[in-house]
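What follows is a short report on a single structure.
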Amino acid sequence: MVGALVAGGWGLFAGAALLVGAAIGSFVVVPARWIALVMAFGSGVLIAAVSFELIAEAYERSGMTPVVAGAAGGAVVYSGANALLARRGARHRKRSGQEQPSETEEPGSGNAIALGALLDGVPESLVIGTSLLGGGHLGAATVGAVFVSNLPEGLASAAGMRRAGRGRGYVFALWGGIAVVSGLAALAGYALLGGAPASAMALITALAGGAILAMIADTMIPEAYSKVHVLTGLVTVVGFLAAFAMAHA
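Okay, structure coming up:
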């Protein structure tokens, strides 16, 4: 029970970065170029976490088959759900400019954005809970990577929501709710999967990794590239190396 609560606390902590980013994006005018640079850095951090903490861990647990099946399955599920939500107005939920539609322009887009944010956050939080089952360094590195990547996500999304005419109450309620759900997802990952066999753990870890990689490619990198173009790759690599160093410190 104590371990599950600790996992939930770390999930809440990582999810709270969304709320911190939303506060910055709501009250401070941050140039879109700086938001994009931070988004690129966060993309690199998450790519490193998926590569060295999730996929590598899944492979060590149970070999190649669960890794391929899980990662491909996670990418398919995420991409399919993301495509459905994009048709309902959530396509640009991480954009900091004026791409997000208002409720007047596209009724129901606010709900779609909320569901999209949930879709983005749950795999990361689930991974926090399952990684803490192993204890120690793996969990700390994963939590750090998710926190660092969540900060620019919250910042960019909140800035875009404000430009689309959504009030601060909506913005903070959305990200506060996602932070709470992140904590619950981490708690569930720890509590429900503690006794799972190695092959099942590998499959679930790879599934979350595939979903996160699809999320990076579909939502984070496009936002970064739209504003900083050729700098995107360089800053993404810097984020990747920073997370790699953190994981092996």
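Take 2 as the starting number for the sequence shown in this note's numbering and just add one per residue. Think of the CB as a built atom: it goes at the ideal place given N, C-alpha and C, for glycine as much as any other residue.
Thinking residue i and residue j are a contact (beta carbons under 8 Å), I'd like their distance in whole angstroms, please.
{"i": "residue 219", "j": "residue 112", "result": "Rounded, the Cβ-Cβ distance is 19 Å, inconsistent with contact."}
{"i": "residue 207", "j": "residue 75", "result": "7 Å"}
{"i": "residue 215", "j": "residue 53", "result": "Between residue 53 and residue 215 the Cβ distance is about 18 Å, and since that is not below 8 Å, they are no contact."}
{"i": "residue 49", "j": "residue 203", "result": "Their Cβ separation, rounded to whole angstroms, is 19 Å, which puts residue 49 and residue 203 out of contact at 8 Å."}
{"i": "residue 11", "j": "residue 85", "result": "30 Å between Cβ atoms; not a contact."}
{"i": "residue 144", "j": "residue 129", "result": "6 Å"}
{"i": "residue 225", "j": "residue 37", "result": "5 Å"}
{"i": "residue 57", "j": "residue 124", "result": "Contact flag wrong, Cβ pair sits at about 17 Å."}
{"i": "residue 126", "j": "residue 15", "result": "7 Å"}
{"i": "residue 40", "j": "residue 221", "result": "6 Å"}
{"i": "residue 69", "j": "residue 160", "result": "Actually they do not touch by this definition, with Cβ atoms about 38 Å apart."}
{"i": "residue 217", "j": "residue 71", "result": "Going by Cβ atoms, the distance from residue 217 to residue 71 rounds to 17 Å, so no, they are not a contact pair."}
{"i": "residue 81", "j": "residue 114", "result": "The pair is not a contact, with the Cβ atoms about 18 Å apart (cut-off 8 Å)."}
{"i": "residue 3", "j": "residue 210", "result": "Wrong, their Cβ atoms sit about 27 Å apart, outside the cutoff."}
{"i": "residue 13", "j": "residue 166", "result": "So it is not a contact: roughly 29 Å between Cβ atoms."}
{"i": "residue 27", "j": "residue 164", "result": "Rounded, the Cβ-Cβ distance is 11 Å, inconsistent with contact."}
Over the uninterrupted alpha helix (DSSP H) stretch that includes residue i, give me the two end residues.
{"i": "residue 26", "result": "3-28"}
{"i": "residue 66", "result": "65-86"}
{"i": "residue 248", "result": "232-248"}
{"i": "residue 224", "result": "222-229"}
{"i": "residue 203", "result": "199-216"}
{"i": "residue 43", "result": "33-49"}
{"i": "residue 183", "result": "169-194"}
Could you tell me whether any non-hydrogen atom of the ligand ATP is closer than 7 Å to the CB of residue i?
{"i": "residue 28", "result": "For the structure depicted, the ligand ATP is absent and the ligand set is empty, with no information on it obtainable."}
Are at least three pairs of beta-carbons, each pair with one atom in the segment 186-197 and one in the segment 43-50, less than 8 Å apart?
Between the segment 186-197 and the segment 43-50, the count of Cβ pairs shorter than 8 Å is below three; the stretches do not touch.
Count Cβ pairs between the segment 17-29 and the segment 153-165 that sit closer than 8 Å; are there 3 or more?
They touch, by the three-pair rule.
Do the segment 173-180 and the segment 117-125 meet, that is, are 3 or more Cβ pairs less than 8 Å apart?
Cβ pair count under 8 Å is three or more, so yes.
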